[in-house]
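In this note's numbering, the protein residues as written are 15 to 125.
Okay, here's the thing in structure tokens:
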């Protein structure tokens with residue numbers, strides 16, 4: 015589809031015959047003139063930046079502080095379990111020693 019208005023404008027500006035050997039810049043001028051006509055579309059460029067995130071967008075994320083807080087709680091629980099295990103070992107050892115002592119006393123009495 016040839017646009018008759020565009021052709022008439024080019025002929026009016028440059029004449030009906032264009033000699034590209036003597037004036038090659040005419041072709042560039044014609045192409046630029048056609049490309050710069052307003053087609054009613056949106057201008058080019060970068061789109062607008064998106065709006066900033068809302069205050070609730072980061073609530074589902076796990077932060078380093080959350081990880082460190084959980085590690086500290088686990089560390090405290092492990093220490094408490096270790097202390098309880100030591101107390102249990104000492105208590106059992108004490109009971110075994112008492113039983114052995116009672117057994118020695120019982121053996122001595124029988125002799």
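The C-beta atom is built at its ideal place from N, Cα and C for all residues, glycine as well. This one's a predicted model, so the numbers in the text were calculated from it and none came from an experiment.
If you reduce the DSSP assignment to three classes, tell me which class residue 56 lands in. coil
Less than 7 Å separating the beta-carbons of residue 28 and residue 40? If you check the CB distance, residue 28 and residue 40 come in under 7 Å.
Given this structure, state the Cα-to-Cα distance separating residue 20 from residue 60, to the nearest angstrom. If I take the Cα positions, the gap works out to 30 Å.
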